[in-house]
Amino acid sequence: MVVSAPLSPSPLWPPPRPDLHSLPVQFTQLGCTTKCVDEIERVAAGLDDLVTAFVPWARRLRAELSPTAASVLNKLCREGPARVIDLAAAAGITQQSMTTLLVQLGEQGVVRREPDPDDGRAVRISVTPEGERLVARRRAGRTEAFAPLLAELSADELSDLAGVLPALNQLTEALRRSRSGVEVSR
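Just so you know, the sequence shown maps onto residues 997 to 1182 in my numbering.
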């Protein structure tokens, strides 16, 4: 019979806690306390778990379009025609990458180029009726896919989740800005 020694705790777990002086300046400007650090860690861990579970699921749901293409079409449907540079900035990619994507979407017949009425040298991109139908199909598919997951929540939990959507949208925009090289802090 082999007797092994008890496992010793890993020196890497739990990870060392940052002290308040090593936090990013945004936290100290907020007057962040140890409780605040605990909440930040808890939220960050929860968001990490959510993203880890969500990304593969969302990829299957979005098989028809890349996430960037879907984001561009949604933005055009929601806000109307836009210049390439503005779409690139919103998506957090270079203007050249956006141009390549828009050529592909144009070949699929879901966007079109039109003269910019404010600048004769520039063009604006707008969504076509086929693009609007594609976005509507994706929206219906997304709702259908999420419905069984959201049905597992109580009415109060669903209401609470809806209540945090503005904060999640703000985080999403901060992530997009950081990806495009725009400063995230306020």
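Built from N, CA and C at the ideal position, the CB exists for glycine as well.
This structure is a prediction, so every number in the text was calculated from the model and none was measured.
query, result
"DSSP bridge partner residues for E1110 (one or two, in chain order)", "R1120"
"Contact belief for L1069 with V1131 at Cβ below 8 Å, rounded distance in angstroms", "5 Å"
"Helix, strand or coil at A1170 [DSSP, three-state]", "helix"
"Alpha-carbon to alpha-carbon, K1031 and A1078", "43 Å"
"Unbroken alpha helix (DSSP H) run spanning L1069, endpoints", "1063-1075"
"Burial state of V1039 (16 or more Cβ within 10 Å)", "exposed"
"Inter-residue Cα distance where the pair is T1090 and T1096", "10 Å"
"Bridge-paired residues (DSSP) for A1078", "I1121"
"Integer-rounded CB distance, given that S1093 should sit under 8 Å from E1110", "The pair is not a contact, with the Cβ atoms about 21 Å apart (cut-off 8 Å)."
"Alpha helix (DSSP H) segment containing E1103, residue limits", "1091-1103"
"Alpha-carbon spacing of A1054 relative to A1065, whole angstroms", "14 Å"
"Pair within 8 Å by beta-carbon distance, R1138 and L1057", "yes"
"Sequence-distant residues of the same chain with beta carbon closer than 8 Å to Q1100, five excluded per side", "A1065"
"Per-residue burial, V1051 [other beta carbons within 10 Å of its own, 16 or more giving buried]", "exposed"
"Same chain only: Cβ atoms within 8 Å of L1154, ignoring 5 sequence neighbours per side", "L1146"
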